[in-house]
Amino acid sequence: MSGDSKSGEWECNDALKTWVSNRLLALLGFSSPEFVEFAIGLAKQATSAADVVGKLEEYGLAFSDDLYLFAEEIFSKVPWKVSPRKQKTYENEDGTTGSGKAVFEDQIEFIKESMLKVDDEMSIESPQISKAKSKLETLHEDWRTLPIYAHRDSLLKAIEEHQVLVIVGETGSGKTTQIPQYLHEAGYTKRGKVACTQPRRFAAMSVAARVSQEMDIKLGHEVGYSIRFEDCTSEKTVLKYMTDGKLLRELLGEPDLASYSVIMVDEAHERTVSTDVLFGLLKDIARFRKDIKILISSATPDASKFSDFFDCAPIYRISGRRYPVEIQYTKAPVADYLDAAIVAVLQIHVTQPPGDILVFLTGQEEIESAEEILKHKISGFGSEIPELVICKIFSNLPAELQAKIFQPIPIGSRKVVLATNIAEASLTIDGINYVIDPGFCKMESYNPRTGMESLQVTSISKASADQRAGRSGRTGPGKCFRLCTADSYKTKLDDNTPPEIQRTNLTSVVLSLKILGIQNLLNFDFMDPPSNEALLKALELLFALGALNKLGEVTKVGRQMAGFPLDPMLSKMIVASDKYKCSDEVISIAAMLSVGNSIFYRPKGEQVHADHARMSFHTGNVGDHIALMNVYNSWRETNYSTQWCYENYIQVRSMRRARDIRDQLERLIERVEIELTGCPNDLQAIKKAITSGFFSHSARLQNYGSYRTVKHPRIVHIHPSSGLADNFPRWVVYHEVVLTTKEYMRNVTELKPQWLVEIAPHYYQMKDVEDA
DNA sequence: GAGCACTGC
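In full-length UniProt numbering, the protein residues as written are 1 to 772.
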């Protein structure tokens, strides 16, 4: 990246940088361009040497005489005045620069609102294709009535004239399916492939299927899709739909995207981590590849942010087809939103014309209790009130139960769907006329200082509330009932949800960017930069894992690790398994861990049986990691039996996913020259491999069953779902800590303290692990 | 002795 040159008079000289780097090496044993800049930045802003020390301590460095000396020296060496350069990376309060706004906006054309129903979120399986016409004819007609059709020529002209174009179009405008076809017809595919990225696998698959139908060719020939575990493309493929994460992976192997002539980033407003990283990389690629076209497509009307980021790229607007949605607020604040939501459902049911209801709730538990209360209430209704069919949907609901929301209901009855955020963007239910929105969701946040994740109920943003409201206006005019006052909507809600990249652990992103040769990540052009703290934490961990050397450069181990689509700690565990000759077992464990926490199933009323089944995999107090391996192996022995899963209270879907991941890992280890070897009877080898990845997650027993993490001391507890919950080993290594009612370690295995010094001598000293 | 919103590689 060539981003450093613009920093103006504050560009610090190389001698200063070298000096700081050397001091950091002495102090931390680790340095990198990012740390150097961080330290210099601190010193610039500080008012005294003590201030520098304070800030360094805040960041997590232990106080020492050396640290103080360093602070004094750096404070005196770095000139102290307020930086004149635009600090885009630090404060980003007001993004409205105003000046550079869309040169293109006066050229915007609106066409008449078409009311036809075709959809790029779409359901290709719809059997409702007119019998009188051939399938193809119908498709072509749809295509001519899409709002985008009238824009074809002016859109192509705009793409021709500008390297980067921001396209705004509501869902239903047809942009996802049509633009790549236009580009193909205009000859862009002669110079290279056209990629169109989607945040979700299903969207990539179904849109590709739709387009291949429209073009009347076999899916996988000229039009194909590529997602994890499934590459449906061939040498012929010129229109390639793919997930954004998949393109990022491809970029690691082809940093200039030489085989592509156009990249269209669709659904950019969703701001997934992958999309955000792609933004920065594409902006850079566009600088030295003048022949590549970048299209950023978003459904948010306010696209100025995208335009500003891409150096005032023009904005092109395409109208969509939306029915009006009437929004109602409560007159007074509601005390209990669940209660209020239930009352609202009943009121709509009794007083409003036909049409189904969608209620947004925060999670499974809430949905299930709402379901119970509703059932109870309607049981008291007389026969003159039509039937109310209650459906629920959340991602952990088994697939066969999920399908129920699409089943037809008796004529004259009404459906109410209790849903999590899954119904906000990922999944569309037809026939919804009423939306009830209490205005909350569960959101993950990540604290880089403690490395802890927590999932908390939070108010949604205005953007999110509008998206939810829009769900009622898809097939006809809709109504949305917001369970807050109009005033609190206006004043209390943020405009936008903070992008995921600012709420997540960045270790894996940072490793990828380092592989791509980004020297200094603090200067990387993020649209909304994550905090320096989060970036530095990621660098520190990568150094500890041996993925980066002392100077912040990627090592051989780092390259091996980057070969796996996993969290770097898991990747390191696999790389280390080569040494301990247990890669066969370790990739199973890695696959099971990366599936997450949805393997064991614990239905209401059957908890005792479920817990009993789960404990049967823990024989011998082997620890949770080995137990996961036992689960996988037992399942494999039954030839991947679904019945076996039911009997053992295990989620089939999760197991199948684990199998997919494991298969992929098995293929990948070869590429980084790791041999597939097993050591079924040597649990110690396996545990040592685990420790090689997770040594920074170690904890020792305190009094009364609580634990203290070794490196950055915190009090934590073994999660009750762990096989070791009643066992209290003196030393443990854990997969993660989550904050719920307490700080719980999830997935725990016993450890010998001397392993820590043996495996990570750069991280632990004897004094850290001496038994007190 | 307790709870997983949603994606993705």
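Cβ atoms here follow ideal geometry from the backbone N, Cα and C, with glycine treated the same way. Note that the structure is a prediction, hence the values are computed from the model and not measured.
Residue i versus residue j - alpha carbon distance
i, j, result
"ASP308", "LEU278", "16 Å"
"MET115", "SER173", "Bear in mind that the predicted position of MET115 carries a pLDDT of just 23, short of 50, making it unreliable; the figure below should be weighed with that in mind. So the alpha carbons of these two residues sit roughly 11 Å apart."
"PHE75", "GLN702", "41 Å"
"VAL78", "SER21", "14 Å"
"TYR337", "LEU483", "7 Å"
"GLU137", "ALA195", "Confidence in GLU137 is poor, its pLDDT being 45 and thus under 50, which makes the residue's placement unreliable; the coordinate value appears in the next sentence. Distance between the alpha carbons of GLU137 and ALA195 is about 27 Å."
"LEU139", "ILE292", "Caution applies to LEU139, whose pLDDT of 46 falls short of 50 and renders its modelled position unreliable; the value that the coordinates give is listed next. If you take the alpha carbons of LEU139 and ILE292, they lie about 31 Å apart."
"ILE650", "SER512", "34 Å"
"GLU750", "GLN684", "10 Å"
"HIS151", "ILE318", "8 Å"
"ASN433", "ILE342", "17 Å"
"LEU593", "LEU628", "8 Å"
"ILE285", "GLU222", "25 Å"
"LEU165", "LEU248", "20 Å"
"ASP216", "ARG228", "26 Å"
"GLY363", "LYS442", "7 Å"
"LYS135", "ARG210", "Unreliable positioning characterises LYS135 in this predicted model, as indicated by a pLDDT of 45, which lies under 50. A coordinate reading is not provided."
"VAL737", "ALA689", "20 Å"
"PRO33", "LEU42", "14 Å"
"THR450", "HIS712", "8 Å"
"GLU615", "TYR744", "Going by the sequence as given, residue 615 is Met instead of Glu. MET615 and TYR744: Cα-Cα distance of roughly 19 Å."
"ARG602", "ALA610", "6 Å"
"SER461", "LYS492", "9 Å"
"VAL118", "LYS490", "Confidence in VAL118 is poor, its pLDDT being 29 and thus under 50, which makes the residue's placement too unreliable to answer from."
Integer Cβ distance of residue i from residue j, believed to fall under 8 Å
i, j, result
"ILE674", "SER583", "6 Å"
"ILE422", "PHE440", "The pair is not a contact, with the Cβ atoms about 15 Å apart (cut-off 8 Å)."
"ALA538", "LEU506", "4 Å"
"GLU453", "THR272", "With 8 Å as the limit, GLU453 and THR272 do not qualify as a contact, their Cβ atoms being about 17 Å apart."
"SER515", "ALA562", "The residue you asked about is not Ser; residue 515 is Ile in the sequence shown. Confirmed, about 5 Å."
"THR171", "ALA299", "6 Å"
"residue 774", "TYR241", "Look at the range of the chain in this structure, 1 to 772, and you will see that residue 774 is not part of it."
"VAL359", "VAL345", "6 Å"
Proximity below 8 Å, CB of residue i to CB of residue j
i, j, result
"LEU239", "PRO180", "yes"
"SER297", "GLY169", "yes"
"VAL631", "THR642", "no"
"TYR734", "ALA699", "yes"
"VAL510", "LEU542", "yes"
"ILE405", "ILE436", "no"
"LEU219", "MET264", "no"
"TRP755", "THR709", "no"
"THR497", "TYR446", "no"
"ASP567", "SER508", "yes"
Boundaries (first-last residue) of the beta strand (DSSP E) holding residue i
i, result
"ILE263", "260 to 265"
"GLY320", "That residue, GLY320, is in no beta strand (DSSP E); it is neither H nor E in DSSP."
"ASN747", "743 to 750"
"VAL672", "Where VAL672 is concerned, there is no enclosing beta strand (DSSP E), given that its DSSP letter is neither H nor E."
"LEU356", "The residue asked about is misnamed: residue 356 is Asp in this sequence, not Leu. 356 to 360 is the extent of the beta strand (DSSP E) around ASP356."
"ASN447", "440 to 447"
"HIS735", "731 to 739"
"HIS717", "715 to 718"
CA nearest to the CA of residue i, picked from the options
i, options, result
"GLY412", "LYS392, ASN396, GLU387", "GLU387"
"MET655", "TYR59, PRO398, ARG322, TYR316", "PRO398"
"ILE686", "LYS572, ALA50, ALA658", "LYS572"
"ILE357", "VAL164, GLU366, GLN347, GLY363", "GLN347"
"LYS283", "ASP525, GLU170, VAL672, TYR764", "ASP525"
"GLU424", "GLU371, ASN396, ALA469, ALA49", "ALA469"
"HIS719", "ALA465, GLU553, LYS742", "LYS742"
"ASN523", "ARG289, MET766, PHE38", "PHE38"
"GLU371", "PRO354, ILE385, VAL389, PHE381", "VAL389"
"GLN178", "ILE148, SER426, ARG659, GLN163", "ILE148"
"ASP244", "SER234, ALA258, GLU270", "GLU270"
"LEU724", "LEU739, VAL710, GLY705", "GLY705"
Opening and closing residue of the alpha helix (DSSP H) in which residue i lies
i, result
"ARG249", "244 to 253"
"SER206", "201 to 214"
"MET561", "556 to 562"
"TYR632", "624 to 637"
"ASP14", "14 to 28"
"GLU170", "Run containing GLU170: none; DSSP gives neither H nor E here."
"VAL273", "273 to 288"
Residue i CB to nearest heavy atom of the ligand NAD below 7 Å
i, result
"HIS735", "This structure simply doesn't include the ligand NAD, nor any ligand for that matter."
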